[in-house]
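Residue numbering for the sequence shown follows full-length UniProt numbering, beginning at 1 and increasing consecutively. Ideal Cβ placement from N, Cα and C applies to all residues, glycine included. I have placed the structure first, in the form of structure tokens, so that the comments after it can refer back to it.
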Amino acid sequence: MPWTPGLGTLLARFPRLRRLWLDLRPLDPVRSIKAKLGILVIASVTFAGSFTAIGVSIGIRARYVVLTAIVLSMIVTQILAHGMTSPLRRMTAAARAMAAGDYSRRIRASSRDEVGELAGAFNQMAADLGAADRQRRELIANVSHELRTPISVLRAVLENVVDGVTGPDDAVVKAALTQTERLGRLVEELLDLSRLEAGAVPLDLSDFAVEPFLARAVGEAAAAARPVRFSLSVEPRDLIARADQSRLHQVVANLVDNAAKHSPPDGVVRVGAAARWGGGIRIEVADEGPGIPEGERTRVFERFTRGTDGGGQPTGGGTGLGLAIARWAIELHGGTIEVAPSSRGALIRVELPADSQPPARPTASGL
């Protein structure tokens with residue numbers, strides 16, 4: 001349209017007028033894009049017809065009246081349609097920014113029609129992509145940090161041996177072996193977590209007795225010779241669960257090991273299981289350590305989150321992936337895992353349904 005450049009120049013010179021123009025959305029209250037198009041056509045035709053009739057009735061030449069009516073109807077159309085197309089233009093600009101890695105753009109969605117719903121969905125998509133990008137960057141940074149420490153220690157140990165500073169005695173070899181095992185454990189847990197998140201781990205469900213199952217996990221933790229005591233309670237004693245024993249053992253062993261690490265000397269780690277009302281089982285692991293602050297009770301299940309000791313310092317030796325893997329394994333069964341309120345220490349509660357089934361994964365059409 002020939003008058004558009006002039007309008008753009010005018011809006012650039014007067015910021016207030018530009019803001020007024022950008023905020024002009026007279027058809028926003030209409031809830032349907034079809035109704036808006038109908039109003040647009042009716043308004044344009046009515047305005048052009050009325051102006052033509054009035055012009056002809058007062059003696060103005062018909063060709064001038066028709067040309068003027070067309071121009072004015074185009075102006076009316078532009079005013080009414082501006083609010084309909086403005087979100088689409090902003091979405092185009094935001095999509096180009098997202099392609100360049102900027103996920104901070106948001107679309108102001110004041111209309112109630114399909115374009116408004118699209119703008120809302122676009123904003124949610126931008127937020128989800130931004131969160132995924134942050135998680136990816138954090139994962140790369142965390143993995144780099146976790147790999148750097150054992151590699152640096154290994155390099156220092158081997159350089160000392162090569163330079164003759166230390167000999168390849170048992171202590172040096174043991175230190176190198178410890179760091180190698182830490183690297184192997186980190187890589188194994190990263191692969192495990194990746195498979196769990198991708199849903200590529202099938203469940204081998206079976207029925208089994210809970211008491212001997214938990215007793216085995218407690219026995220493995222007791223074999224580590226930590227200065228803590230263990231207490232096991234199962235009600236009823238013949239409680240039966242249906243789950244993937246290998247995955248559930250991985251979860252329980254991790255919880256018991258964490259509880260033993262955070263318990264004070266001569267503390268008690270309590271492991272219990274009971275039948276849930278309506279079916280399924282509940283497993284609880286409690287320690288007598290410093291506990292988990294309320295604000296951290298969700299974060300502990302995030303990747304590379306480590307617990308702290310009584311002085312608030314991070315505990316060493318772990319990869320920070322154990323509870324993240326536990327969460328995914330339990331959710332794969334259709335269950336839940338949480339940090340439950342406790343008057344002393346930390347209490348981790350796992351609940352499994354009677355017939356463990358993985359939750360339905362969203363399909364591409366459901367995204």
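| Asked | Found |
| --- | --- |
| Select from G279, V300, L323, F213 the residue whose C-alpha is nearest the C-alpha of E351. | G279 |
| Which stretch, first to last residue, makes up the alpha helix (DSSP H) that contains D257? | 245-262 |
| From the DSSP output, in three-state form, read off D133 for me. | helix |
| Return the bridge partner residues of T336 from the DSSP annotation. | E351 |
| Compute the distance between the beta-carbons of V76 and S44, then report whether it is under 8 Å. | yes |
| Is the Cβ-Cβ distance between Q179 and L154 less than 8 Å? | yes |
| Quick check on A94: does DSSP put it in helix, strand or coil? | helix |
| For I348, is the classification buried or exposed, using 16 other Cβ atoms within 10 angstroms of its Cβ as the cut-off for buried? | buried |
| Confirm, please, whether the CB-CB distance from V339 to A273 is below 8 Å. | no |
| Quick one: any contact between the stretch 236-243 and the stretch 216-224, if contact means 3 or more CB pairs under 8 Å? | no |
| Where G164 and Q245 are concerned, what is the direct C-alpha to C-alpha distance, given to the nearest angstrom? | 49 Å |
| Find out if the Cβ-Cβ distance for the pair F230, V173 is shorter than 8 Å. | no |
| Classify V162 as buried or exposed, calling it buried when 16 or more other Cβ atoms lie within 10 Å of its own Cβ. | exposed |
| Can you tell me whether G278 is helix, strand or coil according to DSSP? | coil |
| Kindly indicate which residue of G291, N258, D355, A126 has the alpha-carbon position closest to the one of F208. | D355 |
| Relative to the C-alpha of D102, which residue among E159, G120, A126, V228 is closest? | A126 |
| Determine, for H249, whether the minimum Cβ-Cβ distance to residues of chain C falls below 8 Å. | The structure shown contains no chain C; it holds only a single protein chain. |
| If contacts are defined as beta-carbon pairs under 8 Å, then S263 and V228 qualify, I think. What distance do you get, rounded to the angstrom? | 5 Å |
| Tell me the start and end of each unbroken alpha helix (DSSP H) in the stretch 34-96 that is at least 4 residues and wholly inside, in chain order. | none |
| What three-state label does DSSP hand E284 in the structure shown? | strand |
| In angstroms with no decimal places, state the Cα-to-Cα distance between P202 and M84. | 48 Å |
| Roughly how many angstroms lie between the CA atoms of V157 and L190, to the nearest whole one? | 25 Å |
| Please report the distance separating the alpha-carbon of S104 from that of T46. | 43 Å |
| Would you give the residue range spanned by the alpha helix (DSSP H) that R229 belongs to? | Run containing R229: none in the alpha helix (DSSP H); it sits in the beta strand (DSSP E), 229-235. |
| Go ahead and pull the three-state DSSP assignment for D163. | helix |
| Under the assumption that A324 contacts R247 (Cβ atoms under 8 Å), give the Cβ distance between them as a whole number of angstroms. | Contact flag wrong, Cβ pair sits at about 14 Å. |
| For V272, write down the residues that DSSP places opposite it in a beta bridge. | Sequence inspection shows Gly at residue 272; the Val mentioned does not correspond to that position. The partner list for G272 (beta bridge, DSSP) reads S233, E284. |
| Straight-line CA distance for R185 to R108? | 47 Å |
| I'd like to check one pair, F51 with M91: are the Cβ atoms closer than 8 Å? | no |
| How about V252 and L205: do their beta carbons lie closer than 8 Å? | no |
| Using only the alpha-carbon positions, how far apart do A95 and R297 sit? | 36 Å |
| Name the residue from P293, G322, E288 whose alpha carbon lies nearest to the alpha carbon of F301. | G322 |
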